[in-house]
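I have placed the structure first, in the form of structure tokens, so that the comments after it can refer back to it.
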Ligand SMILES: Nc1ncnc2c1ncn2[C@@H]1O[C@H](COP(=O)(O)OP(=O)(O)O)[C@@H](O)[C@H]1O
Ligand SMILES: [Mg+2]
């Protein structure tokens, strides 16, 4: 199997409410894939299944054995809220998985990577929302994952911070060769960041369409090609009555 992570024919219901119907996707090494859909369509549900946080579903989750035997734990997760421990310093939050034996040199490197050098001793309450999310990204990278799963990670920050964090994410994913599965309801974000955009919608939700984004990086947010692809996605969202 060349994919790092594969979801096969996923069906998921909460009690008698069907949320996901026959959803399959795969993530290859080095890919950035977005899962785009409106609020409530089951994006978080699907990401939690991919992260192994929910085992109550029908279908298959296949992880490449390289993930388990490679560096660290293989999969990092970033949620919509930073979920930092308020009583721990920024550095302790980043190295949280290893507690008191955290690799401090690696923690400091990650803090530099996310633009928080010198802030390791600060407490989370002294950070802005964007800075807190940078800490959450550093914490997700601490285990040297090959796959990063992100659930609307930038939706709680202002538009300017969001653009900076998006650029940071693609830069770090490329530097550390991490495949990314990003859940978002933001069309601009999905097309700017991704190699492929998967559109989820309907009741219950199915994958409606997959759009490839064959544009080189660094990309220009203002490019006509991106605008065209966003238009295609909007057409799809209208046609499938998602909008
Ligand atoms: N633990 C739960 N119990 C019951 N229903 C849930 C639970 N989690 C999510 N749902 C329902 O499943 C649907 C999909 O939710 P979610 O995956 O959070 O959507 P999204 O992330 O796309 O906004 C929603 O209708 C939501 O109300
Ligand atoms: Mg969600």
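Residue numbers (the numbering used here): 27 to 269. Where is the CB? At the ideal position from N, CA and C, for every residue including glycine.
Nearest-angstrom Cα separation, counted from residue j out to residue i
{"i": "residue 132", "j": "residue 183", "result": "26 Å"}
{"i": "residue 123", "j": "residue 143", "result": "20 Å"}
{"i": "residue 32", "j": "residue 44", "result": "21 Å"}
{"i": "residue 38", "j": "residue 114", "result": "36 Å"}
{"i": "residue 240", "j": "residue 40", "result": "37 Å"}
{"i": "residue 67", "j": "residue 48", "result": "14 Å"}
{"i": "residue 189", "j": "residue 160", "result": "13 Å"}
{"i": "residue 99", "j": "residue 174", "result": "11 Å"}
Residue range of the alpha helix (DSSP H) that includes residue i
{"i": "residue 135", "result": "130 to 139"}
{"i": "residue 196", "result": "185 to 201"}
{"i": "residue 248", "result": "Segment: none, residue 248 is in no alpha helix (DSSP H) and carries neither H nor E."}
Extent of the continuous beta strand (DSSP E) to which residue i belongs
{"i": "residue 36", "result": "29 to 40"}
{"i": "residue 143", "result": "Note, residue 143: premise wrong, no beta strand (DSSP E); not H, not E."}
Exposure of residue i, with buried meaning 16 or more beta-carbon neighbours within 10 Å
{"i": "residue 177", "result": "buried"}
{"i": "residue 238", "result": "exposed"}
{"i": "residue 53", "result": "buried"}
{"i": "residue 90", "result": "buried"}
{"i": "residue 180", "result": "buried"}
{"i": "residue 127", "result": "exposed"}
{"i": "residue 244", "result": "exposed"}
{"i": "residue 231", "result": "buried"}
{"i": "residue 88", "result": "exposed"}
{"i": "residue 118", "result": "buried"}
{"i": "residue 210", "result": "buried"}
Closer than 7 Å: residue i CB and nearest ligand 4 heavy atom
{"i": "residue 178", "result": "Among the ligands modelled here, namely ligand 1 and ligand 2, ligand 4 does not occur."}
Count the C-beta pairs between the stretch 107 to 116 and the stretch 62 to 72 that are closer than 8 Å, then say yes if the count reaches three, no if not.
Result no; under three Cβ-Cβ pairs closer than 8 Å.
message: Tell me whether the stretch 255 to 264 and the stretch 204 to 216 touch, counting them as touching only if at least three CB pairs, one residue from each stretch, are closer than 8 Å.
response: Touching, yes, given that three or more Cβ pairs across the two stretches are closer than 8 Å.
Task: Ranges of the beta strand (DSSP E) found wholly within the stretch 201 to 225, counting only runs of at least 3 - done: Scanning the stretch 201 to 225 for uninterrupted beta strand (DSSP E) segments of 3 residues or longer gives 205 to 210, listed from N- to C-terminal end.
- Ordered list of beta strand (DSSP E) runs contained in the stretch 45 to 108, each at least 3 residues: Runs found: 58 to 62, 84 to 89, 101 to 104.
**Message:** Using a Cβ distance threshold of 8 Å, determine whether the stretch 217 to 228 contacts the stretch 161 to 170, with at least three qualifying pairs required.
**Reply:** Of all C-beta pairs linking the stretch 217 to 228 to the stretch 161 to 170, fewer than three are shorter than 8 Å, placing the two stretches out of contact.
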